[in-house]
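Each residue of the sequence shown is one higher than the one before, counting from 1 in our numbering. Just so you know, even glycine gets a beta-carbon here, dropped at the ideal spot from N, CA and C. One structure is given here, and the rest of the page talks about it.
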Amino acid sequence: METLPPSELRELQTLRLRRAVERAKGLPIYRKFFEKNPLSDADFQSPEDVRRLPLTTEAQLLDQFPTGLWTVPRHEITRVYSLGEKNLLTPYTRQDVQTQADLTARLMYGTGTRSNHFILISLEYDDTGIQFAYHCGAGSIGAGVISHGDGGDEEVCGPPSDFMNSLNLNGLCASTRILKGVFSTIACQSHSLDYVHILVEDEVLKRREEFEELWKLKIWLNWGHPAFFGAGMANECFHQDGLHLQEDAFLFEILNPETLEPVEEGLPGELVVTDLAREAQTLLRFRTGMTCAMNSAPCACGRTGRRVTFISGK
Ligand SMILES: [Zn+2]
Numbered sequence: 001m002e003t004l005p006p007s008e009l010r011e012l013q014t015l016r017l018r019r020a021v022e023r024a025k026g027l028p029i030y031r032k033f034f035e036k037n038p039l040s041d042a043d044f045q046s047p048e049d050v051r052r053l054p055l056t057t058e059a060q061l062l063d064q065f066p067t068g069l070w071t072v073p074r075h076e077i078t079r080v081y082s083l084g085e086k087n088l089l090t091p092y093t094r095q096d097v098q099t100q101a102d103l104t105a106r107l108m109y110g111t112g113t114r115s116n117h118f119i120l121i122s123l124e125y126d127d128t129g130i131q132f133a134y135h136c137g138a139g140s141i142g143a144g145v146i147s148h149g150d151g152g153d154e155e156v157c158g159p160p161s162d163f164m165n166s167l168n169l170n171g172l173c174a175s176t177r178i179l180k181g182v183f184s185t186i187a188c189q190s191h192s193l194d195y196v197h198i199l200v201e202d203e204v205l206k207r208r209e210e211f212e213e214l215w216k217l218k219i220w221l222n223w224g225h226p227a228f229f230g231a232g233m234a235n236e237c238f239h240q241d242g243l244h245l246q247e248d249a250f251l252f253e254i255l256n257p258e259t260l261e262p263v264e265e266g267l268p269g270e271l272v273v274t275d276l277a278r279e280a281q282t283l284l285r286f287r288t289g290m291t292c293a294m295n296s297a298p299c300a301c302g303r304t305g306r307r308v309t310f311i312s313g314k
């Protein structure tokens with residue numbers, strides 16, 4: 001999928017966009033729009049036709065709490081992720097769980113995780129659903145997974161050093177805060193870790209090279225959003241030159257946040273995401289609030305899709 005010719009990807013996106021529109025038509029949040037604008041398949045001939053659809057803000061999303069955005073009957077929902085602080089419930093069907101696993105496996109395999117690796121996931125259960133994604137992704141690859149909390153609000157957080165060293169870990173899935181806690185108790189030269197998977201955050205965007213040099217490991221960035229999938233919606237390859245977008249599962253736009261028109265390639269704007277593949281919930285043109293710049297140039301890794309550079313993290 002990651003090396004699909006662009007024309008075939010666009011065909012797939014267009015087909016999936018039509019299906020997503022059909023799912024969205026039944027939702028209260030979009031009902032008025034579709035009553036005024038009775039769009040049909042013929043109105044969606046390319047991925048760019050997504051601009052015919054309305055934008056969705058976070059406030060509108062939260063207004064639908066708890067189940068106003070569910071697009072399947074409750075018995076088809078097999079998992080619900082709850083972000084209590086925002087009154088956000090994100091549902092998954094069995095297929096959505098598999099889709100999330102596949103996307104996260106791409107990011108982990110693409111940056112070196114293999115079936116003979118041992119990965120430690122040090123994130124709290126309520127940490128925006130990221131741990132679900134990593135757990136499923138590592139499981140798809142066949143890597144060993146160890147779960148550990150993040151230590152709560154303690155100043156020195158994360159797993160203890162003797163625990164980590166005795167397991168001879170290959171990789172860690174964590175946040176910047178946890179990494180700083182881990183390396184305050186473990187000698188930077190005496191660990192087995194090769195890499196860390198970490199969600200885009202402001203501090204790691206600014207200090208990644210410094211951290212990699214200090215801690216003697218590679219830091220691979222990825223991005224997800226709790227209203228979609230907690231991780232694996234965009235991810236780096238070995239070249240660390242922007243995050244490859246998972247464009248078969250989501251449509252990505254970068255808009256001027258004032259005019260809401262597309263910005264020119266390479267210029268910063270707000271990342272806007274439309275569901276293409278999820279079954280349990282469909283969001284159209286959701287405004288993420290993240291500032292990014294698009295890059296369509298080929299990447300040295302051979303992946304054919306577009307990349308984004310994150311200018312601000314969470
Ligand atoms: Zn690449």
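Bridge partners for L107 per DSSP, in chain order? In the DSSP output, where bridge partners are listed per residue, L107 has none listed.
Taking 9 Å as the threshold (C-beta atoms), are L169 and S192 in contact? Yes, the pair counts as a contact, with Cβ atoms nearer than the cut-off.
Answer with buried or exposed for N116, where buried requires no fewer than 16 other C-beta atoms within 10 angstroms of its C-beta. Within 10 angstroms of the beta-carbon of N116 lie fewer than 16 other beta-carbons, which makes it exposed.
Just reading off the beta strand (DSSP E) that I141 is part of, what are its end residues? Residue range 130–141 is occupied by the alpha helix (DSSP H) that includes I141, with no beta strand (DSSP E) assigned at that position.
With a threshold of 8 Å, are at least 3 pairs of Cβ atoms found where one atom belongs to the segment 101–108 and the other to the segment 58–71? Because the criterion of three Cβ pairs below 8 Å is not met, the segment 101–108 and the segment 58–71 do not touch.
Contact defined as beta carbons within less than 8 Å: I believe V308 pairs with M294. What is the distance between those atoms, to the nearest angstrom? Rounded, the Cβ-Cβ distance is 6 Å, consistent with contact.
Same chain, Cβ closer than 7 Å to E212, neighbours up to 5 away in sequence not counted: Around E212: K218, I219.
Express the C-alpha separation of R285 and L381 in angstroms, rounding to a whole number. In the structure as shown, the chain starts at 1 and stops at 314, and residue 381 therefore has no counterpart that could be examined.
Find the nearest neighbour of A58 within the set Q95, T304, A227, judged by alpha-carbon distance. The identity of residue 58 in the sequence shown is Glu, whereas the question assumes Ala. Out of Q95, T304, A227, A227 has the C-alpha closest to the C-alpha of E58.
Using C-beta distances below 7 Å, list every residue in its chain close to V72, excluding the 5 sequence neighbours before and after it, in chain order. Excluding sequence positions up to five before and after V72, its CB lies within less than 7 Å of the CB of T93, E279, A280, all in the same chain and listed in chain order.
When the Cβ atoms of the segment 250–267 are set against those of the segment 200–214, are three or more pairs found closer than 8 Å? With the cut-off at 8 Å, the segment 250–267 and the segment 200–214 do not touch.
Inter-residue spacing [alpha-carbon to alpha-carbon] between N165 and C136: Answer to the nearest angstrom: the Cα atoms are 24 Å apart.
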